[in-house]
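Student:
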Amino acid sequence: MNDTFLKACRGEKTDYTPIWIMRQAGRYLPQYLEVRARGKGTFLDLCKDPARCTEVTLQPVDIFGMDAAILFSDILIPMEAMGLTLEFQEGRGPVFPNPIQSEKDVEALIIPDPTATMPFVLKTIKLLRAELKVPLIGFSGAPFTLATYLIEGGSSKVFLQTKKMMFQAPELYHHLLEKISRCTSLYLQAQAKTGAQALQIFDSWAGILAPCDYARFALPYVQSIISDLRRMTDVPIIYFANNGSTLIEHTVTAGADVLGLDWRINIKNAIMRVGNHAVQGNLDPIALFLPEKDLKNRIKKLLEDARGAKGHIFNLGHGVVPQTPPEQVRIAVDAVHEFSVR
Ligand code: 1CP
224 MNDTFLKACR GEKTDYTPIW IMRQAGRYLP QYLEVRARGK GTFLDLCKDP ARCTEVTLQP
284 VDIFGMDAAI LFSDILIPME AMGLTLEFQE GRGPVFPNPI QSEKDVEALI IPDPTATMPF
344 VLKTIKLLRA ELKVPLIGFS GAPFTLATYL IEGGSSKVFL QTKKMMFQAP ELYHHLLEKI
404 SRCTSLYLQA QAKTGAQALQ IFDSWAGILA PCDYARFALP YVQSIISDLR RMTDVPIIYF
464 ANNGSTLIEH TVTAGADVLG LDWRINIKNA IMRVGNHAVQ GNLDPIALFL PEKDLKNRIK
524 KLLEDARGAK GHIFNLGHGV VPQTPPEQVR IAVDAVHEFS VR
């Protein structure tokens, strides 16, 4: 097995800088769109079909030579297992038609047994481990990010309902977050037990919080999940707080091995502030639209800037966008491998 990615997560010396990219299996890949169309059904049906999930997880590894695979699923799958109705509407993204508004709604949420309620995820992990020659990353959403979808009923711009609940009904908010955290903790433990070799926690919306609110309403739940995980597994844990450069003093206390960085911060500057952590990132996803020469120069500079890190996993600063030409992804992967050879 090529374990370069795992070594970089642990801060061990590697022969070159490993790369994978967030949302690497997805709509920018014609091969993904083909599999998605083949089975008919919705995006959720795809997430529950281990054979097709395995196939699309393998695609970017086989096509580009990524140094890690990320399980194909979605952060909202366990929220459905908690008893909520979840729909993915074309062009609108995820929708929860019955958002969480009251104590009664929170009481009704169940803490699902992952083996009983999400067997398709664990089956996919087993199928993937039999095929893969690079490490498999399992993942979840962070409790705060998951809560925004449950409270808003879907995606949001200003997160009015979420912040109103925090500020006006903090007990209700904390009760909801406790339940989401317990579900997430069990879900990640099950992934590690089944064969996931690293775990990433996506806090996609952390950056919309003031640091004082992040410290009170988001961070403690990530800390509690990670401390649960530490008791049962030593797989590396990556915590990605998107738009989180204003939160680094807090995110370093989450307990993760690796901090994911978005592109809004210079990586050299971030490395000075992250202490004893490896870092993952942080090319602007839209930089993949640069002309080839400029893209390569940009990657070379990023690799140089990251040299002082305890470990560096090259990635985008957030997910690859669907309009990205796959050829540009190939150029980026090859450039990282070529320029980082030690
Ligand atoms: O039509 C389609 O094919 C659906 C598009 C899609 C895909 C490919 C969605 C809907 N989810 C996914 C897969 C997915 N989602 C993966 C596995 C693929 C990979 O990384 O290779 C992962 C890791 C996620 C994680 C995810 N889902 C996040 C965290 C990462 C991030 O981008 O910040 C979030 C916020 C979601 C929710 C979600 N699912 C889908 C959409 C369109 C959204 C975002 C909606 C929004 O902006 O609020």
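In our numbering, the protein residues as written are 224 to 565.
The C-beta atom is built at its ideal place from N, Cα and C for all residues, glycine as well.
Whole-angstrom Cβ separation of S378 and P301, contact assumed at under 8 Å?
Tutor: At roughly 18 Å, the Cβ-Cβ gap does not stay under 8 Å, so S378 and P301 are not in contact.
Student: Regarding Q247 and the ligand 1CP, is the C-beta to nearest heavy atom distance less than 6 Å?
Tutor: Under cutoff, so the answer is yes.
Student: Just list the residues that DSSP pairs I293 with in beta bridges.
Tutor: I360.
Student: Can you tell me which of the three DSSP states H535 falls into?
Tutor: Three-state result, H535: strand.
Student: Shortest alpha-carbon distance to R530 belongs to which of P443, A421, S563 and R246?
Tutor: When each option's Cα is compared against that of R530, the closest is S563.
Student: Name the residue from N225, Q247 and I494 whose alpha carbon lies nearest to the alpha carbon of L355.
Tutor: Per the Cα distances, N225.
Student: Taking the straight line between their C-alpha atoms, what separation do you get for G319 and L299?
Tutor: It should be noted that the sequence gives Phe, not Gly, for residue 319. Distance between the alpha carbons of F319 and L299: 10 Å.
Student: Would you list the residues sitting across from H440 in a DSSP beta bridge?
Tutor: Per the sequence shown, residue 440 should be read as Phe rather than His. Answer is none; F440 lacks a bridge partner.
Student: How is E235 classed by DSSP in three states: helix, strand or coil?
Tutor: In this structure, E235 counts as coil in the three-state DSSP scheme.
Student: Which of helix, strand or coil does DSSP assign to A614?
Tutor: Residue 614 is absent from the model: the chain starts at 224 and stops at 565.
Student: Would you kindly work out how many angstroms separate the C-alpha atoms of G262 and P273, rounded to a whole number?
Tutor: When rounded, the distance between both Cα atoms is 12 Å.
Student: Tell whether a beta-carbon distance below 7 Å holds between L511 and T547.
Tutor: Yes, these two residues count as a Cβ contact at 7 Å.
Student: Can you give the beta carbon distance from A501 to K533, rounded, assuming they're within the 8 Å contact cut?
Tutor: Right, their Cβ atoms sit about 5 Å apart.
Student: A413 by DSSP, collapsed to three states: which one?
Tutor: Three-state DSSP puts A413 in a helix.
Student: I'd like to confirm the pairing. Which residues does DSSP put opposite I242 in its beta bridges?
Tutor: According to DSSP, I242 bridges with F537.
Student: Kindly identify the DSSP beta-bridge partner or partners of G498.
Tutor: Paired residues: none, contrary to the question.
Student: Give the C-beta separation of I471 and R496 to the nearest angstrom, bearing in mind that I take them to be a contact with Cβ-Cβ under 8 Å.
Tutor: 5 Å between Cβ atoms; contact.
Student: Where K327 and V552 are concerned, what is the direct C-alpha to C-alpha distance, given to the nearest angstrom?
Tutor: C-alpha separation (whole angstroms): 47 Å.
Student: DSSP state of Q503, grouped into three classes?
Tutor: The answer is strand: DSSP assigns Q503 an E or B state.
Student: How about V279 and A248: do their beta carbons lie closer than 7 Å?
Tutor: Taking 7 Å as the Cβ cut-off, V279 and A248 qualify as a contacting pair.
Student: Could you tell me the alpha carbon to alpha carbon distance between E527 and G467, rounded to whole angstroms?
Tutor: Answer to the nearest angstrom: the Cα atoms are 22 Å apart.
Student: Is D451 helix, strand or coil when you go by DSSP?
Tutor: The answer is helix: DSSP assigns D451 an H, G or I state.
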